[in-house]
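Mapping the sequence shown onto the numbering used here, position 409 (from 1) lands on 406, and the numbers just tick up by one.
Note that CB positions come from ideal geometry on N, CA and C, so glycine has one too.
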Amino acid sequence: MEAYSCGEVYPIDRPVRQASRATVMRLAIHPRIHAWLSLPWLPRSDIPPGTEPMRQPRPLRHMFTALLVAAVLFGAGAQATAPHYRIVGYAGRWNPVQDKDISKIDTLIFAFAQLKDGRVVLDHASAERLHQLTALKATHPSLQVDISVGGWSVGGFSEAASTAAGRQAFADSAAQLVATHDADGLDVDWEYPEHHESGIHSSPQDRAHFTLLLKAIRASLDRVGATQGRTGTDHYTLSIAAADGPFVNGIDLAAVAPTLDWFNLMTYDFVNAMTPTTGHHTGLHASALIAGDGRTTDRAVEQFLAAGVPARKLVIGAAFYGREFAGVQPAHHGLYQRYDHFQGMLPWPKLKADYIGKHGYVRYWDGTAQAPWLWNAKTRRFITYDDPQSIAAKAAFVKAHHLGGIMYWEQSLDPSDELLDAMWRGLH
């Protein structure tokens, strides 16, 4: 996740919790109800008057029957309770708190704590920003606030994880930081073990060392958490931000999955300044134009599932920003075409105000990839982004595949809550 890496909406049908006709018919033959209904209700013609068995008065019998049906319905409804899907938002230290719709967010992750001399620390400005987030819990008690350490181009992980003493210092400082600042967990954003694309140090042993580091962090969080009464279902959580494709080769997914509460899959920035063509930077499925090894959200999920990660621990990513390319070849309205240079990042409010359907930019929808893009034929500029429609598609995908939820980068990039609303509606 980079330090600043971070339309139309179709309705999402939500099931109405009411008994269907089939459910009622099943209840009618439920053994308990069937036995109850089989008891004598009316006088039997084969019994002489005055010798009939005693019967309950009909109104009382009807009431008991209704109560029994309600009890079975309640039991069936409890078993069919829909699973909860996480909504996780990263909140950068450089932007003011947006608290209008905090009730729709399960976890806010403060980005970022620093790694200094192998220890997880916060500078004064970051501590103040984190305090603003944790203060929201006073009015939103169900909100969880975690601390993320790392981010794009942040080094020091490989060195800290390379020795037992280094791993313990990292783990203990992280756990103490969580407790000191009234946070609820830790998120580790090492980009990336065994990779040095951003200029950070890496080692062939990073994969094994990362597994040991996460186990040490888990143990320290549990130990410190016990002193704060944070045990059982209220334990301090541990997550990691993880990419896909070759960037996850440095993580032993099967080994770390039991240690983690969930994975934040950075299923965005699939195309960027380092890729040779444009494309969907946060596409759900593969476009008809994409290369066979192209990166997509569903392929990332398949990769993690194949490695043994439980589906419920996978939280896929959504982007509250777009990526712009200039000097793009015009075929297919610029989609998956070569370009002259990468232009940069555009936040969602800017896209809405100045680009979507304006100044020559035309919105296109890739029904196969379930992703939008903008194309300006005159300036030959191409923009890839998430919008309410693509986020709703991601929510449907999460539910269909029983995943853990959706996370997004970044909280301040959706001040109108339009994208958050689409996410919340889709998952509920």
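Just to confirm the assignment, what range does the alpha helix (DSSP H) spanning residue i have?
{"i": "PRO346", "result": "345 to 351"}
{"i": "ILE214", "result": "203 to 224"}
{"i": "VAL395", "result": "385 to 397"}
Enumerate in chain order the residues of its own chain whose CB-to-CB distance from residue i is below 8 Å, with the five nearest sequence positions on each side excluded.
{"i": "ARG83", "result": "ASP103, THR104, TRP259, VAL312, GLY401, GLY402, ILE403, MET404"}
{"i": "ALA328", "result": "GLN334"}
{"i": "LEU417", "result": "ILE84, GLY86, ASP98, LYS101, ILE102, TYR405, ASP411"}
Tell me, which residues are paired with residue i by DSSP?
{"i": "ASP363", "result": "ALA368"}
{"i": "GLU191", "result": "The partner list for GLU191 (beta bridge, DSSP) is empty, contrary to what the question assumes."}
{"i": "HIS235", "result": "What sits at residue 235 in the sequence shown is Leu, not His. The partner list for LEU235 (beta bridge, DSSP) reads LEU183."}
{"i": "VAL298", "result": "Note: VAL298 sits in no beta bridge, so no partner."}
{"i": "ALA426", "result": "No statement about residue 426 is possible, as the shown extent of the chain runs from -2 to 425 and does not include it."}
{"i": "ASN373", "result": "ARG378"}
On the three-state DSSP scale, how would you describe residue i?
{"i": "LEU416", "result": "helix"}
{"i": "GLY147", "result": "strand"}
{"i": "GLN173", "result": "helix"}
{"i": "HIS356", "result": "coil"}
{"i": "ILE197", "result": "coil"}
{"i": "ARG320", "result": "strand"}
{"i": "THR381", "result": "strand"}
{"i": "LEU119", "result": "coil"}
{"i": "VAL306", "result": "coil"}
{"i": "HIS338", "result": "strand"}
{"i": "GLN141", "result": "strand"}
{"i": "SER100", "result": "helix"}
{"i": "SER159", "result": "coil"}
{"i": "GLN129", "result": "helix"}
{"i": "GLN165", "result": "helix"}
{"i": "LEU424", "result": "helix"}
{"i": "THR136", "result": "coil"}
{"i": "ALA79", "result": "coil"}
{"i": "GLY153", "result": "coil"}
{"i": "HIS178", "result": "coil"}
{"i": "PRO327", "result": "coil"}
{"i": "LEU400", "result": "coil"}
{"i": "GLY242", "result": "helix"}
{"i": "LEU410", "result": "helix"}
{"i": "GLY247", "result": "coil"}
{"i": "THR230", "result": "helix"}
Grab the span of the beta strand (DSSP E) containing residue i for me, first residue to last.
{"i": "LEU112", "result": "104 to 113"}
{"i": "ALA88", "result": "83 to 89"}
Excluding five sequence neighbours on each side, which residues of the same chain lie with their C-beta closer than 7 Å to the C-beta of residue i?
{"i": "VAL395", "result": "TYR82, ILE313, GLY402, ILE403, LEU424"}
{"i": "ALA308", "result": "LEU302, HIS398, HIS399, LEU400"}
{"i": "MET263", "result": "MET(-2), ALA238, ALA239, ALA240, GLY314"}
{"i": "ALA254", "result": "GLY305, VAL306, PRO307, LYS310"}
{"i": "ALA419", "result": "VAL6, PRO385, ILE388, ALA389"}
What does a CB cutoff of less than 6 Å around residue i pick up in its chain, not counting 5 residues either side in sequence?
{"i": "THR20", "result": "Its pLDDT being 39, under 50, THR20 is placed unreliably in this model, and the value from its coordinates should be taken loosely. Cβ within range, chain order: n/a, list empty."}
{"i": "SER150", "result": "SER195"}
| Where in the region 249 to 296 do unbroken runs of the alpha helix (DSSP H), each at least 4 residues long, occur, reported from the N-terminal end onward? | 250 to 253
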